[in-house]
Amino acid sequence: MNDSPGWATPGSDPSDGERPGAPTDRPVTGDPKWSAEQPPPGQWTSPTPGQTPPPQAPQQPQQPQPGQGWGSQGGQYGSPYGGQYGYPGGPGQWGQPPAAKPGVIPLRPLGLGEILDGAVATMRSHWRSVLPITLVVATVVQVLSLLAQKYAMSDLTVATEPGADLEESLNSLAVAMGALIGASFIAALGGIVATAMLTMIYSRAVLGNTSTISGAWRESRSQLLRLFGLTLLLGLGAVLLAAVLIVPGALTRNAGLIAVGIFAVIPLITWLWIKFSLASPALMLEKTTVFKALGRSSKLVKGTWWRIFGITLLTNIITGIVAAIIVWPLTMIGMAVFGGGLGGIEDGTAATAWGALILSGIGAIIAQTIVMPIQAGVTVLLYVDQRIRREGLDLELARAAGIENYGTTGG
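Below, the structure is given as structure tokens:
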């Protein structure tokens, strides 16, 4: 488009399935031409002795009915992708050449496996750009988290000890909470920077182009403040929504009202989380504003909320399992060796021992270095997939990749 490599800014918020300047009818080769009437089947008769049976008219093979043939989805012939899955080179496209694949994904609507594979393939093939970014961010975040855990948790323990002075306890609690909030703020900033740079690397990987760390920084830095504003706005919105639904019950000390508020806020926040999950790549790749990015995400997610929710949830489950496999063994070894064993775990001193914190931090750094690119990559590829399905972005990407006559010859 105009502001980022190979991408075209959509402009005035195109409607679903429409994109200014893009062809609306794409020839799809191999579509069967259905006959209005089929000839009747041949009539079998028993010939009399010595009589040659009359020649039978040749039977035409039964034509597949709409919704049963190739290139169809519910019988929707004539659309560029035959519904959602009748795309060039897609499953069941007999005689069609495979879709063009200049980079880590084929230029057609993607399946779950292709999205996950594209995210992992980018991390593997562009590791010189991807892993240093996430390694630096994860190291900074974990060092600050380790210090906050060591000193803030110690202050919290002192503040909650029986017989502690009230004023001293409040001061210790304020210092501990301030340290934890500060560490969380730095972690959020690091995550925003990593997300911005990884988005640019993945957008180039779709076209088969390589990226450098300095190049990703140059392309992303102009949108960093807006990305920070987007993240802050979404976080504040979630907090305000939770407050509106839960605080009334807390103020009236009504347990039933609190339970209703909690059960209402969880699905609402989940719905909004998915609805605006594509706002970040829209903001970065289209060089748009915060509110336009929210609108773009809402439009792209519309009608496919459950699909995006399922892919996002599965990605988080997979990355969570990978992170746990790396972090928990090192954490337990650190507590057992440096935290005083079971006694230290029981009295809480094991969690603040230097050796346990360091081993746990090393595990978290390794896990975040691996997990962060996968999560960011899935989000970017979901955005690309939705734009291919709704706006024919594959045509723009094919032209940017230098593929001639794409969309007119089936490949």
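Quick note: the sequence shown, position 116, residue 156 per the numbering used here, numbers continuous.
Using N, Cα and C, we set each Cβ at its ideal position, and we do this for glycine too.
Contacting residues, own chain, Cβ-Cβ under 6 Å from residue i (five flanking each side not counted)
i, result
"I405", "A178, T179, Q182"
"I443", "A140"
"A333", "A319, A322, L323"
"M240", "A256, E259, S260"
"G297", "Position check: residue 297 holds Leu in this sequence, whereas Gly was assumed. Within the same chain, L297 has close Cβ partners G289."
"G158", "V144, I145, L421"
"G90", "With a pLDDT of 48 at G90, under the threshold of 50, the modelled position of this residue cannot be trusted; read the value that follows with caution. Contacts found: none."
"A407", "A363, I366, V367"
"N211", "none"
"V300", "none"
Distance CB(residue i)-CB(residue j) smaller than 8 Å
i, j, result
"R266", "V170", "no"
"A236", "H166", "no"
"L399", "G417", "no"
"L147", "D434", "yes"
"I173", "A234", "yes"
"S262", "A223", "no"
"T344", "L175", "no"
"Y242", "V367", "no"
"P369", "M163", "no"
Other residues of its chain near residue i: CB distance less than 7 Å, five sequence neighbours each side excluded
i, result
"L422", "I155, L318, I348, I351"
"L152", "I351"
"L281", "V305, L308, I309"
"V377", "G395"
"Q415", "T355, T359"
"S86", "With a pLDDT of 40 at S86, under the threshold of 50, the predicted position of this residue should be treated as unreliable, and no value is reported."
"M278", "Here the sequence assigns Ala to residue 278, which means Met is not the residue at that position. I309."
"D425", "P149, L150, I155"
"L273", "V330"
"I253", "S169, P172, I173"
Contact set for residue i: own chain, Cβ-Cβ below 8 Å, skip 5 residues either direction
i, result
"T250", "H166, S169, R244"
"T371", "A396, L399, S400, G403"
"I232", "L264, L267, F268, T271"
"L238", "V170, I173, T174, A256, M412, P413, A416, G417, V420"
"Y446", "A140, L147, D434, L435, A438, R439"
"V160", "I414, G417"
"L229", "F268"
"K190", "T392, W394, L397"
The stretch 341-352 contacting the stretch 303-319, beta-carbon criterion three pairs below 8 Å: yes
Segments assigned alpha helix (DSSP H), at least 4 residues, entirely inside the stretch 263-343: 264-292, 295-315, 319-326, 330-341
Contact the stretch 281-293 vs the stretch 392-404: 3+ CB pairs below 8 Å: no
Touching by the beta-carbon criterion (3+ pairs, under 8 Å), the stretch 358-369 and the stretch 295-307: no
Cβ pair count under 8 Å reaching 3, the stretch 274-288 against the stretch 256-263: no
Stretch-stretch touch, CB-based, cutoff 8 Å, three pairs: the stretch 336-345 with the stretch 422-431: yes
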